[in-house]
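Colleague: Counting in full-length UniProt numbering, the sequence shown runs from 1 upward without gaps. Glycine included, every Cβ here is placed at the ideal spot set by N, Cα and C.
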Amino acid sequence: MIQNVNLWLLTALALSSFQSAHAQNPFITNQFTADPTARVFGGRVYVYPSHDIQATPGHGRAGWFVMEDYHVFSSANLTDWTDHGVIVTQNKVPWVKPDSYAMWAPDCVQRNGKYYFYFPATPQDTTGGRGFRIGVAVADKPTGPFVPQPAPIANVRGIDPNVFIDQDGQAYLYWSQGNIYGAKLKANMLELAEEPHTLGELPTKGLKEGPYVFERKGIYYLTYPHVANKTERLEYATSSSPLGPFTVRGVMMDESPTGCWTNHHSLLQLNKQWYLFYHHNDLSPKFDKNRSVRIDSLSFAADGSIRKVTPTLRGVGLTDARQKIQLDRYSRLSTQGAAIAFLDTANTFRGWKTVFAGNQGWVQYNGVAFGAQKLKTVMLRGMSAAGATLQIRLDNAAGPVVAEITVPKGSAWQEVKAPMRAFRPGTHALYVAPKPTSSAAAAVEVDWVRFE
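1. Is the beta carbon of L327 less than 8 Å from the beta carbon of V432?
2. Which residue's Cα is closest to the Cα of R450: P434, N188, G144 and T377?
3. When burial is assigned at 16 or more other CB atoms within 10 Å of the CB, is E415 buried or exposed?
4. Could you tell me which whole alpha helix (DSSP H) segments of length 4 or greater appear in the segment 30–74?
5. Please state whether the Cβ-Cβ distance between R381 and W352 is less than 8 Å.
6. Please state whether DSSP places V402 in a helix, a strand or coil.
7. I need the boundaries of the beta strand (DSSP E) containing L267, first residue and last residue.
8. DSSP state of N91, grouped into three classes?
9. According to DSSP, is F164 part of a helix, a strand, or is it coil?
10. Indicate whether E232 and N263 have their beta-carbon atoms separated by less than 8 Å.
11. CB-CB under 6 Å to I53, same chain, minus the five flanking residues each way: which ones, in chain order?
12. Heavy atom of the ligand SAH less than 7 Å from the Cβ of F349, yes or no?
13. Rank P26, V45, L207 and W95 by C-alpha distance to the C-alpha of L267 and give the top, closest one.
14. Is F146 helix, strand or coil when you go by DSSP?
15. For the candidate residues F246, N396 and S50, whose alpha-carbon lies nearest to that of Q90?
16. Applying the criterion that 16 or more other CB atoms from any shown protein chain within 10 Å of the CB defines a buried residue, is G63 buried or exposed?
17. Taking the alpha-carbon of F342 as reference, which of P98, A372, V316 and K286 has the nearest alpha-carbon?
18. Where does the unbroken beta strand (DSSP E) through D288 begin, and where does it stop?
19. What is the rounded straight-line gap between the Cα of P161 and the Cα of S176?
20. Closest to W104 by C-alpha separation, out of E68, A154 and G129, would be which residue?
21. Return the Cβ separation of P120 and I159 in integer angstroms, given the expectation that the two are a contact with Cβ distance under 8 Å.
22. Is the CB-CB distance between L192 and A171 below 8 Å?
23. Sort out for me which residues DSSP pairs E415 with in a bridge.
24. So what does DSSP say about R233, is it helix, strand or coil?
25. Between the beta-carbon of P225 and the beta-carbon of L234, is there less than 8 Å?
26. Name the two residues that bound the continuous beta strand (DSSP E) containing I306.
27. Which parts of the segment 152–224 are runs of the beta strand (DSSP E), unbroken and 3 residues or longer, counting only runs that do not cross its ends?
28. Out of T335, G399, Q323 and A398, point me to the one whose CA is closest to residue 489's CA.
29. May I ask you to report which of helix, strand or coil DSSP gives R332?
30. How would you call E209, buried or exposed, if buried means at least 16 neighbouring beta carbons within 10 angstroms?
31. If you reduce the DSSP assignment to three classes, tell me which class F342 lands in.
32. With DSSP as the reference, identify every bridge partner of K97, one or two as the case may be.
33. Classify F370 as helix, strand or coil using the three-state DSSP reduction.
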């Protein structure tokens, strides 16, 4: 499996227009992304998010969401992601106001050998009323090129399109504008087949948006962000019919603990495991209109209810031991003596670092795949003003020490190597901490670790 993934990655990297990223949470770190819709096409996962950018004079509204285009990303293993570039931009859609910067949450589905990309935007023609319209772009491949239709979908006003295709082949379009709406689509996937239905059984107070509908074991789930208090949480309702009536069931992800105002999501089943794709403002903690997409595992109780998802930094998927392992996307972190910080606060896309301040600090990173072929050395990128030695254990604090690596005294980042004391095949957690000493350990910062 790993050989196949690596072969695919080499092929992708050979294409100059692509960019590759290894990721935990957030899983895209080369740009701001939000509102991820995840789909499986041909055994691969494709994610269609919106693309936040920063406002500049004459380009978008300062202090608000600014979005001019869409990218698509794909992965074979939910760990290694490739950016396939821009697929739709506001300046190349005939009906879109070219300076609106309002290309909000999209969706994409496959039907009859074609790929239909649905997106909201501000129209040039407002004679029929102000507000967003929803358009469609069509392609022969999930990565495009996508050709936008000349006009938006008639009789649809709103944002956050979502398309669900039922087992009988009937397709439905859902969207939001104050309420959440749904309607059958015609077979051409470009027109409504009926008047919109208002899904009125949902909470009446607070913003509701971002519908995502799926079916599991005969139950139709309508999931949506809802502002019950000050920020959005992810809730869900169920029905025996795609258009309801729905019964509100509960919360599947609580409000952001750091105050990110929005959340927007999709759900995906892959290899018998369910995943929740959503967003947070990891790369822009002081401005929640620049967001970043995440993935975490999701599960159902025996009665079909969705168990609440707790957001993580580690995310999902295995990390190859030969890749750069970002310890700052930890599974567990000590409450004292260790912290996470940006490598460069002026350029957050450079990522994070782990900062050890003394003997008590440690970090644990789960899901490292060492494989069967023996690895001999460990490399670490670190910095320590006074010099420091770190121990790397497998699995936990009581696990075997597989390497000790010393970061020499200095004020610049250094890549240092050390031999592995032992090799254990298979998948393990890493437990990294300063080597115990009789005196206080010197501070040390770690960017990444990898094995060779």
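Modeller: Straight from the coordinates:
1. Numbered from 1 along the sequence shown, position 327 holds the residue referred to as residue 327. Numbered from 1 along the sequence shown, position 432 holds the residue referred to as residue 432. Taking 8 Å as the Cβ cut-off, L327 and V432 qualify as a contacting pair.
2. Within the sequence shown, numbered from 1, the residue matching residue 450 stands at position 450. Selected option, being the one with the closest Cα: T377.
3. The count along the sequence shown starts at 1 and reaches residue 415 at position 415. It is exposed - the Cβ of E415 has fewer than 16 other Cβ atoms within 10 Å.
4. none
5. Here residue 381 refers to the residue found at position 381 when the sequence shown is read from its first residue. Here residue 352 refers to the residue found at position 352 when the sequence shown is read from its first residue. Going by beta carbons, R381 and W352 fall outside the 8 Å limit.
6. Taking the sequence shown and counting its residues from 1, the one referred to as residue 402 is at position 402. Correct three-state label for V402: strand.
7. The residue labelled residue 267 in the question sits at position 267 within the sequence shown. S266 to L270 is the extent of the beta strand (DSSP E) around L267.
8. The residue labelled residue 91 in the question sits at position 91 within the sequence shown. In this structure, N91 counts as helix in the three-state DSSP scheme.
9. Counting from 1 along the sequence shown, the entry for residue 164 is found at position 164. F164: strand per DSSP, three-state reduction.
10. Here residue 232 refers to the residue found at position 232 of the sequence shown. Here residue 263 refers to the residue found at position 263 of the sequence shown. Contact flag set, yes.
11. Indexing the sequence shown from 1 puts residue 53 at position 53. Setting aside the 5 residues that flank it on each side, I53 is surrounded in the same chain by V66, each with a C-beta closer than 6 Å to its C-beta; the list follows chain order.
12. Because no ligand of any kind appears in the structure shown, any question about the ligand SAH cannot be addressed here.
13. The residue you call residue 267 lines up with position 267 of the sequence shown. L267 has its Cα closest to that of V45, out of P26, V45, L207 and W95.
14. Locating residue 146 in the sequence shown gives position 146, counting from the first residue. Here F146 sits in coil by DSSP.
15. Translated into the one-based positions of the sequence shown, residue 90 becomes position 90. Looking at the Cα atoms, S50 is the closest of the given residues.
16. The residue you call residue 63 lines up with position 63 of the sequence shown. Its Cβ having fewer than 16 others within 10 Å, G63 is exposed.
17. Stepping through the sequence shown from its first residue, residue 342 is reached at position 342. It is K286.
18. If you number the sequence shown from 1, residue 288 lands on position 288. Counting along the chain, D288 falls outside any beta strand (DSSP E), and DSSP gives it neither H nor E.
19. The residue you call residue 161 lines up with position 161 of the sequence shown. The residue you call residue 176 lines up with position 176 of the sequence shown. Cα to Cα, the separation comes out at about 8 Å.
20. Sequence index remark: in the sequence shown, residue 104 carries index 104 (1-based). The residue among E68, A154 and G129 with its C-alpha nearest the C-alpha of W104 is E68.
21. Residue 120 sits at position 120 when you count from the first residue of the sequence shown. Residue 159 sits at position 159 when you count from the first residue of the sequence shown. Indeed they touch by this definition, with Cβ atoms about 4 Å apart.
22. As a first step, residue 192 must be located in the sequence shown, where it is residue number 192. As a first step, residue 171 must be located in the sequence shown, where it is residue number 171. No, they are not a contact pair.
23. On the sequence shown, position 415 is the one that residue 415 refers to. Residue pairing by DSSP puts E415 in a beta bridge opposite R381.
24. Looking up residue 233 in the sequence shown gives position 233. Of the three classes helix, strand and coil, the one that applies to R233 here is strand, per DSSP.
25. Here residue 225 refers to the residue found at position 225 when the sequence shown is read from its first residue. Here residue 234 refers to the residue found at position 234 when the sequence shown is read from its first residue. Result yes, Cβ atoms of P225 and L234 sit closer than 8 Å.
26. By 1-based counting over the sequence shown, the position of residue 306 is 306. From DSSP, I306 is part of no beta strand (DSSP E); its letter is neither H nor E.
27. 159–165, 171–177, 179–184 and 212–216
28. Within the shown structure, residues of the chain are numbered from 1 to 452, placing residue 489 beyond reach of any answer.
29. Working through the sequence shown from its first residue, we reach residue 332 at position 332. Reduced to three states, the DSSP call for R332 is strand.
30. Taking the sequence shown and counting its residues from 1, the one referred to as residue 209 is at position 209. The residue in question, E209, is buried, as its Cβ has 16 or more Cβ neighbours within 10 Å.
31. Here residue 342 corresponds to residue number 342 of the sequence shown, with the count starting at 1. DSSP places F342 in strand when its eight states are reduced to three.
32. The sequence position of residue 97 within the sequence shown is 97, counting from 1. In DSSP, K97 forms no bridge with anything.
33. By one-based count along the sequence shown, residue 370 stands at place 370. Looking at F370 - three-state DSSP - the assignment turns out to be coil, as it is neither helix nor strand.
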